[in-house]
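Written out below as C-alpha cells is the structure these notes cover.
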Amino acid sequence: MKKLIIPIGILIGGTVQAQLSNTENYVYSKTYLSDPTLANVRSSETVQYFDGLGRPKQIVNVKASPLGRDIVTPIKYDQFGRQVQDYLPVPQGGTLNGAITPDPLSNVSSTPYGSEKIYSEKILENSPLDRIQQQVQVGTAWSTKPVQFGYDANADGDVKKYIATFNYTTFTSSLTLSGSYGTGQLYKNTVTDEDGNQTIEFKNGQGQVVLVRKVISASENADTYYVYNDYNQLAYVIPPKASAATDPNTVLNDLCYQYKYDGRSRLVEKKIPGKGWEYMVYDKQDRLIMTQDAVMGALKQWLFTKYDQFGRTAYTGIYTSSQTYGTAGRGAEQTLADAKGSNNVTRSSTVGFTNSGMGVYYDSGSASYPGSVTTLLTVNYYDTYPQGSPGVTNVFAQPLLTDNPANAQTTKGLLTASYIKNIEDDRWTRNFVWYDTKGRTFGSRSNNYLGGYTVVNNKLDFTGVILQTNTYHRRLGTDPEKIIVEKFTYDSQNRLLTHTHQIGSNPVEYLAQNKYNEISQLESKKVGGTTVSSPLQQIDYKYNIRGWMTQINDPAALNGKLFGYEIRYQNSVNSSYRKFNGNISEVDWKTSMDDILKRYIYAYDPLNRLTAGYYQEPTSSVPINHFYNEEIAYDSNGNITRLQRNMKGSNNTPEYIDNIYYTYSGNRLISASDLTQNFNGYPTGGKQIDYDENGNMINHKDKDISEIKYNYLNLPGKITQNSKVTDYIYRADGVKVRKVFGTETTDYLDGFQYIDSILKFFPTAGGYFNVETGKYVYNYTDHLGNVRLSYAKNGAGTEIIEESNYYPFGLKHEGYNVLTGNPAYKYKYNGKELQETGMYDYGARFYMPELGRWGVIDPLAEQYRRWSPYAYTVNNPIRFIDPDGRGVTDIIITGSATAIEKYKNEVSKGTGGFYSVNIDSSGKISLVSTGMASLGIEMTSEQKAFYQEYSAVVNSSEVVKQEVVENDVNTIVDSWVTNKIDIADIAEFDKAGSGGATSAGALIHSTVEQHEKAKLGLKSGDLGKISGSTAVDYEASHNVAKTAENKANGNTRMENTTGGADRFIDSKNNVTEQTLTTTATGGINVNKKPIP
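Under the UniProt record's numbering, the sequence shown has 710 at position 710, and the numbering climbs by one with no breaks.
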C-alpha cells in the first residue's frame, strides 16, 4: 500500500503541518475550520495508520483535546483478523504532531477514564458466520454484565399461527387463528440485556417478523404478533393485550392495528386501535395527496397536499367532498385523482387564486386533484421569492444569495418562503429564509399574524458555525423594536467557550463560560454575570465511563451552589436496585433552600417499566420516610392499572393521597377512581370519560372539565372547566400562537411571551429574561429537562425564585420549600408549559401528570405498537422524555455488531455529535440528545439538514429496514434493491477529503432512498412493481434522496457528467469530480479532484 496524503480543503503553500511517520502506511486528512487564506488558521487533522494487510490500526486526532494534545484510538484484531475489541479514544500526555503513538494506552490512568476498562468486546461463535454471542460494554462494572445473543428455531406450540386473507373484490380482510407453528418453522433470536431481561424475536423464512416476545416471568410474556396477508403485506399487528384473547376478532377494533392496500401495494386504509378508520388517496406518481380520519370523514372533509413538478409541497388545505366516509368514498376519490395525470401545480407570476384571505402564486389547481379548495392552510415557495417579500439589505455584510437568474448562483432549488394560516381564523404567519452564497441559511424573518415580526440574522464563520446572532422583534408593526445580540466564541476545535447576550443597550450578560475535559465532555459551566470573573453560579458536571451523566454539582457538598444532583445506574447505594442496562436506579438532590439531601430509588419490571419511586432523606433522623412515594402497576399493553402516591403530612409522616384504580375499554381510560378520598392528589373521581372517533378525550368530569373540542390536528381548541373557558389558536403546522383564559390573553410569538399585550419574558440559553423585573433568570434543570430551581441576581448575591421537585410521572411535590415564583413563567416538568387544567402542553398532545398518561392517541402510535398509544414515555419517565408528545424518538437496522456500531457512529457524526443512536433488540433506531444543544452550541447547516432528514425518517409512519454490511462485494455503498448499506464504504467519503459527497451525505442518501421505497410500498427485492420499470421506481426514490444528500453535503450533485464521474458544485462555484472504484475485498476507493 502506498503512503497517501489526501488534504481536505487547501494546503497553504503545499506544506503539511503534521509530522507523519514515514515508515507507516497512512491516510492524512485536514479539515479547515477557518479561512485558510487568513492568519491563525484553525483546522482539524486526522491520521489513520494501516498495517501491512491494509487494515486500520490507529487513528490519531492531532491536537484535538482541549489542552491541544493528541487523541488516539487504537485498533486491535484477534488471531482470526477480527476486530473484537473496540477502544475508546485515548487523550495522550502531549502531541506527536500526527506521528504514530507507540503505546497509546500508557496514559489512560491520567485521563477522565481513570482505572476503568476502556474497551468493549464481542464474543463470537466459532463458525464461519461469526455471529455475536456476547457484547460486553466498556467499564469495569460491565465486565460481568454482557448482552447475550441466542440463535435457535421455534418449538412446537411456541408461536400462534394467525392467517390473514384479503379480497380485492369486496375490499375486506379477515383474521383467523390456526393453531401454532410447527417445530423449526421459524427462526428464533434471543437478546438478553445486562439485567437479564429477555426479548425473543421469531421470523419466518422470508425474514418477516412474526412475533416479538418480551419475557416477564417464567409463566408470563408480552407478545406482539405481526400478521401478513396473501400478498406478504403487513395486515394486522396484535399487541400484547390482544394476543391474550382466544379470538382476536373480539378485540380487533379496540386493540389491534389493521391495514389494507390497493392493487399497487399502497396503503389506503388503516385503523389504529381506539380510532376510526383512516383513508388515503394517491396520484399517479404515487404521492400521497389526501388523507381523512373519522372525525373529518363525518364532515366529508379531506386534508390535501398539492405538489410542483419536482415533488415539492406547494400548498396544503382542506377539501370538502361529495363522497361519503368509507371504503366506497375513498375509492371514488381515487378514481377522480387517477384521471388527473401528472397532477402537478405550476408556479405563476401573478395570483392564480385567492382563498382564506391569501393570494396564491400557483395556478388554480383545477388541473390537479382535488380541483377545489375549501380552506387553504399552508403555501410554500421555492426558487424565487414571492411578490411582497421583504427586502434584505445586510446580514453582517455577508454575500447574499438572490433569485436573480442573471447571477451565477441563485436560490434555485431552495425554499424561499412559507405561509401558514391560523386554524381558527384567516390570519397568516409569513416566513422568509435567506441564504449566503454557500447555500447556508443565515437569515430569516417571520411576519406574525398580528402584524409584527421576528428577524434572526446569523454571522457564520468559514465552516458555518454561528459567531453572532442578532434578533429583532415586534409584536405589532407599530411597537418599538427589541434588539437582542448574542455572541459566541470557540476553541481551536469549535467547542463553544462563551455565549453572551445583550438586550438593546443593556450590559452584556455572560450566559455561559464552558470548560471541557480531555475527552471533550462539558466539565463545568459558569453562568450569569456581566464580567468573566463574577458568574452567578458555576455548574460542575461528571460522567461515567459509558458517557452517561452522573452529577450536576455534588449534592453531598454544595459549597455555595444552589442545587446539586446525582444520578446512579449500576452503583446505587441500595445494591438491590442496581441497573446495568441504562435504567436509572437512584437520584439524589439537594438545594440550598433547606440543605436536606433527598433521594428517589427506582424499581422496574422486566419490560423496563417503572414500577416504583421510593422517596428517602438519607441524612435525616428518619431516612426511609416514604414522604413522596409513587408506585405503579400496568396491564400488558402498558396502560396503568393502579397508581399509589404519598405526600408529607402535617404530622411529619407520609400521607396517602392517591390510590387510583383505572378502568379501560381497550386502551381508552373510561374512569379513574381514587379510594383515598384525599383531594391533595387526584380527585375522588370515578366519573365516566368520553372520547371522539379519533380517540381524543372530550371531557374529564373528575376535574370538572365538561368539554374539550379539538381541531383537525387533534389539538384542543377549547376547554371548558368549572364554567371557565380556555380558547387556543394554532397555526396550521400545530404551533400555538394564542391562549385566552377568561379575560387573560397570552400570545406566543417566536418565544416572546405576552400577557394582555405586555411582554413578560423571552427564553435564553439556560433560562429566560424577565422583562418586568429586568433580570436574567437561570434554571437548574435535571437530565430530563425538568426545571428544578430558578434563580436570579439580587444585589451582590443570588435569589432563589422557585424550587420544583416532581414525582416520577411528573406531578409536582407540595408541602416544602414553597416560593411564589414568577406566575407568568409556567414551564416546569420536562420544560413544558403547565396549563390551567393541570395538564402540560407538549406541542402535539397534552399530558396529565396526576394520571401518568396522555388524553389523546399518539400521532406516531404505529412506531410503538407494543405499547398503549396513550402511554407516556413507554412508562419509563426517569430515562426518557417525550419531546413533543409524538414518541420517545422507525428505522430497523440489522447486521453484525461491529457494523452496527460503526453505523451508529456515522449517524452521530452526521449530527455533529448532538445526537447519539440507540438500537434496541429488534433493531429499532432512536435518537437521543447528547445535551450539546442545551449548552448553546449550534449545529452547522449541513448537520441540521442531516438531522432533519434522518429524524423525519425515524418519525415517519413507514418502517424502513436496512441491513448494515461491511466490504460486501455485492454492495457498492448501498443497494436500493436489497436494502443493504455498506458502512465501510460510507466511511470512505470523508477519508477522501472535502468536496464531493461526505459520509453524512452518502448515509442520508441511502436512508432517504429506502424511505421513499417504503413509501411506495416496496420491500427488499421488489423491482418495477409500481411503474412496471425498475429504473422508474428507482429514480422516484433516488431523486428525493439526492435532494437530501445535497443539503447534508453542502453542495449540489450533478451525476455522470463525464466518463461516469459525478461532479459536485458548491456555493462558491468550486467543482469537484468524484469517482468510485471497487477493490477485490469488497471495499471502494473514493477519488476526488478539483476541476478548474
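Think of the CB as a built atom: it goes at the ideal place given N, C-alpha and C, for glycine as much as any other residue. Computed from a predicted structure; not experimentally measured.
- Counting other Cβ atoms within 10 Å of its Cβ, Asn629 reaches 16 or more and is therefore classed as buried.
- By DSSP's assignment, Gly797 forms a beta bridge with Asn794.
- Annotation for Gln185: no alpha helix (DSSP H) segment contains it, and DSSP assigns it neither H nor E.
- No Cβ-Cβ contact shorter than 8 angstroms links Leu597 with Lys793.
- In this structure, the CA atom of Asp692 is about 40 angstroms from the CA atom of Val455.
- Listed in chain order, the non-local C-beta contacts of Asn448 below 6 angstroms within the same chain comprise Thr429, Leu749, local neighbours out to five positions each way being set aside.
- Nearest Cα to Asn514 within the set Thr144, Ile539, Thr169: Ile539.
- Between the beta-carbon of Lys214 and that of Leu607 there is about 5 angstroms, and that keeps the pair under the 8 angstroms contact cut.
- Here Glu269 is bridged, per DSSP, to Lys260, Tyr279.
- Taking 8 angstroms as the cut-off, the beta carbon of Val147 is found closer than this to the beta carbon of Glu194.
- Of the candidates Leu610, Asn646, Gly317, Ile132, the residue whose Cα lies closest to the Cα of Thr190 is Ile132.
- Residue pairing by DSSP puts Pro74 in a beta bridge opposite Gln58.
- With a cut-off of 8 angstroms on Cβ pairs, the region 781-796 is in contact with the region 826-834, counting three or more such pairs.
- Here the alpha carbons of Leu927 and Ser951 stand approximately 8 angstroms from one another.
- Here DSSP, grouped into helix, strand and coil, assigns His1011 to helix.
- Distances from the CA of Thr530 to each of Arg266, His473, Tyr776, Gln309 were compared; the closest alpha carbon is that of Tyr776.
- By a beta-carbon distance limit of 8 angstroms, Gln309 does not contact Asn343. Their separation comes to about 10 angstroms.
- As a beta-bridge residue in DSSP terms, Phe752 pairs with Leu749.
- One Cα belongs to Gly311, the other to Thr746, and the distance between them is close to 38 angstroms.
- Counting only the Cα atoms, Ala218 lies some 30 angstroms from Leu669.
- Annotated three-state conformation of Leu851 is coil, per DSSP.
- Around the beta carbon of Pro390, a 10 Å sphere encloses fewer than 16 other beta carbons of the protein chains shown; the residue is thus reported as exposed.
- In the displayed model, Leu377 falls within a strand according to three-state DSSP.
- Pairwise C-beta distances place the region 496-511 in contact with the region 761-781, as three or more of them are shorter than 8 angstroms.
- Per DSSP, reduced to three states, the secondary structure at Phe989 is helical.
- Between the region 635-648 and the region 238-253 there are three or more inter-stretch CB-CB distances shorter than 8 angstroms, so the stretches are counted as touching.
- Contact between the region 78-92 and the region 106-114 is established, with three or more Cβ pairs separated by less than 8 angstroms.
- Distance between Pro859 and Val268, taken at the CA atoms: about 17 angstroms.
- Straight-line measurement puts the Cα of Gly477 at about 27 angstroms from the Cα of Asp436.
- Within the model, the alpha-carbon separation for Lys63 versus Glu220 is close to 55 angstroms.
- In the three-state reduction of the DSSP assignment, Pro763 falls in the strand class.
- The region 118-128 and the region 153-173 do not touch, with fewer than 3 CB-CB distances between them shorter than 8 angstroms.
- Tyr369 places its beta carbon 8 angstroms or farther from that of Pro386.
- Segment contact: the region 796-806 against the region 818-826, three or more CB-CB distances shorter than 8 angstroms; contact assigned.
- Between Ala294 and Lys275, the C-beta spacing is below 8 angstroms.
- If only complete runs of 3 or more residues are kept, the region 140-228 shows the beta strand (DSSP E) at 147-153, 160-167, 172-180, 187-192, 198-203, 209-217, 220-228, in order along the chain.
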